[in-house]
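*Asks:*
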Amino acid sequence: MIDLALKNVSKRFGGLLAVDKLDVEVPKGKILSLIGPNGAGKTTVFNMITGVYPPSEGTISYQGKKLNNLRSNRIIRHGIARTFQNIRLFKSMTVLENVQVGMHCRTKSGAFRALLNTPFAIREEKEIIEKSMETLEFLGLADHHNEYASNLAYGDQRRLEIARAVATRPEMLLLDEPAAGMNPSETAELMDLILKLRDTGLTIFLVEHDMRLVMGISEMVVVLDHGHKIAQGEPKEIQQNEKVIEAYLGTKVKAKA
Ligand SMILES: Nc1ncnc2c1ncn2[C@@H]1O[C@H](COP(=O)(O)OP(=O)(O)OP(=O)(O)O)[C@@H](O)[C@H]1O
Ligand SMILES: [Mg+2]
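Note that this note's numbering gives residue 108 to position 93 of the sequence shown, counting from 1, and the numbers run on in steps of one.
1. Between which two residues does the alpha helix (DSSP H) holding Lys-283 run?
2. With C-beta atoms as the reference, is Ala-33 less than 8 Å away from Gly-51?
3. Leaving out five residues on either side along the sequence, give the residues of the same chain with a beta carbon under 7 Å from the beta carbon of Leu-175.
4. If we call anything under 8 Å between Cβ atoms a contact, is His-224 one with Glu-201?
5. Which same chain residues, not among the five before or five after Arg-86, have their C-beta less than 6 Å away from its C-beta?
6. Around the Cβ of Asn-161, are there at least 16 other Cβ atoms within 10 angstroms (buried) or fewer (exposed)?
7. Is the beta carbon of Met-226 less than 8 Å from the beta carbon of Glu-249?
8. Tell me the DSSP secondary structure of Gln-247 in three-state form.
9. If the criterion is Cβ atoms closer than 8 Å, does the pair His-47 and Val-238 meet it?
10. Between Asn-83, Asn-84 and Ala-194, which has its C-alpha nearest Thr-98's C-alpha?
11. Please classify Asp-214 as buried or exposed, where buried requires at least 16 other C-beta atoms within 10 Å of its C-beta.
12. Have a look at Thr-266, Ser-233 and Ile-253 and flag the residue whose alpha-carbon is nearest the alpha-carbon of Pro-294.
13. With a CB to CB cut of under 6 Å and the five nearest residues on each side skipped, what residues in its chain are close to Asn-256?
14. Going by the beta-carbon positions, is the gap between Met-118 and Ile-91 smaller than 8 Å?
15. Could you please give the first and the last residue of the uninterrupted alpha helix (DSSP H) stretch that includes Phe-153?
16. Which residues in the same chain have their Cβ closer than 6 Å to the Cβ of Ala-96, if we skip the five residues on either side of it in sequence?
17. Within 10 angstroms of the Cβ of Phe-220, are there 16 or more other Cβ atoms? Answer buried if so, exposed if not.
18. Comparing alpha-carbon positions, which option in Lys-80, Thr-58 and Gln-100 lies nearest Gly-196?
19. Who does Asp-240 pair with in a DSSP beta bridge?
20. Put Gly-54 into one of helix, strand or coil per three-state DSSP.
21. Of the residues Met-148, Asp-35 and Val-39, which one's Cα is nearest the Cα of Ile-17?
22. Near ligand 2, which residues have their beta-carbon closer than 7 Å to a heavy atom?
23. Leaving out five residues before and five after Leu-210 in sequence, what residues of the same chain have Cβ atoms less than 7 Å from its Cβ?
24. May I ask you to report which of helix, strand or coil DSSP gives Met-230?
25. Name the residue from Glu-261, Asn-88, Glu-72 and Lys-22 whose alpha carbon lies nearest to the alpha carbon of Phe-28.
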């Protein structure tokens, strides 16, 4: 079954065609990765899916419902959560508070009733704390719940970003370069974590430059170059695809040498 479908989706920024007639289907409960050189349009794809801006053309649908022109908070309510390429934590809040903030997008009380401290709002707050702690436990961060986010090791900060997204109990998770800046052991842990999240039934849409991570866990890989889809397939096929080697994988090998 297809969870998320992009059909003929383009994004224009003035004279620049950042995404060009893109078709992508993300199957439910699978890990699909979107890869390609810097500036290929990967983050732009995530921004269109999550309502940061609408596509210039085409349709984005999730579980059969059209998402175009919905605001970000409505899209979260449909069950899609994301992390950002640049860490966006509240550094002067604790780990637990960072997750709680992420969950408020789903509460019914809203800020006004929460301020009035109605019994309903108090009960809801208690539930949020319980669910946030459960999420932190799942991500191996429970022991740090009282620490300031700024005091966490880099890899843990990235995991906290994921915790904040997961705490909203999404069905689909978009991860934008979750391994950026991680050392090899943090990346290996991240790999296990993403697989564990997938095993809970989450659909994962991953943007990442770390090819060991991408090729190690993805069921399907889509390759973008200058906004065009140049290939799609299983990791094995993608690694041998001449167009992909020329546009992206070859340059990565050279950069490492
Ligand atoms: N809001 C914007 N306004 C104008 N141009 C933009 C905007 N967002 C992205 N772009 C341009 O669109 C192109 C695609 O950018 P995007 O951030 O999607 O690339 P990316 O594949 O995520 O790259 P990276 O791997 O470096 O993160 C780039 O040329 C970028 O400069
Ligand atoms: Mg990007």
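Even glycine gets a Cβ: it sits at the ideal position worked out from N, Cα and C. Note that this is a predicted model, so its numbers are computed, not measured.
*Replies:* To lay it out plainly:
1. Nothing can be reported for residue 283: it is not among the residues displayed for the chain, which extend from 16 to 272.
2. Sequence index remark: in the sequence shown, residue 33 carries index 18 (1-based). Sequence index remark: in the sequence shown, residue 51 carries index 36 (1-based). Cβ distance not < 8 Å, so Ala-33 and Gly-51 don't count as in contact.
3. As a position in the sequence shown, residue 175 is number 160, starting the count at 1. Result list for Leu-175: Leu-104, Val-110, Asn-113, Leu-156, Ala-164 and Leu-167, in chain order.
4. For the purposes of this step, residue 224 is identified with residue 209 of the sequence shown, where counting begins at 1. For the purposes of this step, residue 201 is identified with residue 186 of the sequence shown, where counting begins at 1. No, these two residues do not count as a Cβ contact at 8 Å.
5. As a position in the sequence shown, residue 86 is number 71, starting the count at 1. Result list for Arg-86: Gly-66, in chain order.
6. By 1-based counting over the sequence shown, the position of residue 161 is 146. Under this definition Asn-161 is an exposed residue.
7. Translated into positions along the sequence shown, residue 226 becomes position 211. Translated into positions along the sequence shown, residue 249 becomes position 234. Contact: no.
8. Here residue 247 corresponds to residue number 232 of the sequence shown, with the count starting at 1. Annotated three-state conformation of Gln-247 is strand, per DSSP.
9. Taking the sequence shown and counting its residues from 1, one reaches residue 47 at position 32. Taking the sequence shown and counting its residues from 1, one reaches residue 238 at position 223. Correcting the residue type first, residue 47 is Leu in the shown sequence and not His. Going by C-beta atoms, Leu-47 is not nearer than 8 Å to Val-238.
10. Numbered from 1 along the sequence shown, position 83 holds the residue referred to as residue 98. Its Cα nearest to that of Thr-98, the residue Ala-194 stands out among Asn-83, Asn-84 and Ala-194.
11. Position 199 of the sequence shown, counted from the first residue, corresponds to residue 214. Exposed, since its Cβ has fewer than 16 Cβ neighbours within 10 Å.
12. A query on residue 294 cannot be resolved here, the shown segment of the chain reaching from 16 to 272 and no further.
13. Taking the sequence shown and counting its residues from 1, one reaches residue 256 at position 241. The answer, listed in chain order, is Ala-246.
14. The count along the sequence shown starts at 1 and reaches residue 118 at position 103. The count along the sequence shown starts at 1 and reaches residue 91 at position 76. Taking 8 Å as the Cβ cut-off, Met-118 and Ile-91 do not qualify as a contacting pair.
15. Along the sequence shown, one-based indexing puts residue 153 at 138. Looking at the DSSP string, the run of the alpha helix (DSSP H) that includes Phe-153 is 134 to 153.
16. Within the sequence shown, numbered from 1, the residue matching residue 96 stands at position 81. If we look at Ala-96 and ignore the five residues flanking it on each side, its Cβ neighbours are Ala-180, Thr-183, Pro-185 and Leu-188.
17. Working through the sequence shown from its first residue, we reach residue 220 at position 205. Buried: at least 16 other Cβ atoms inside 10 Å.
18. The sequence position of residue 196 within the sequence shown is 181, counting from 1. Cα-wise, what sits closest to Gly-196 is Gln-100.
19. Here residue 240 is taken as the residue at index 225 of the sequence shown, counted from 1. His-243.
20. Locating residue 54 in the sequence shown gives position 39, where the first residue counts as 1. In this structure, Gly-54 counts as coil in the three-state DSSP scheme.
21. As a first step, residue 17 must be located in the sequence shown, where it is residue number 2. Closest option to Ile-17, Cα to Cα, is Val-39.
22. Residues with a Cβ closer than 7 Å to any heavy atom of ligand 2, in chain order: Lys-57, Thr-58, Gln-100, Asp-191, Glu-192 and Val-222.
23. Locating residue 210 in the sequence shown gives position 195, where the first residue counts as 1. The beta carbon of Leu-210 sits closer than 7 Å to those of Ile-232, all from its chain and outside the five residues before and after it, given in chain order.
24. Numbered from its first residue, the sequence shown carries residue 230 at position 215. Reduced to three states, the DSSP call for Met-230 is helix.
25. Locating residue 28 in the sequence shown gives position 13, where the first residue counts as 1. The option with the nearest alpha carbon to Phe-28 is Glu-72.
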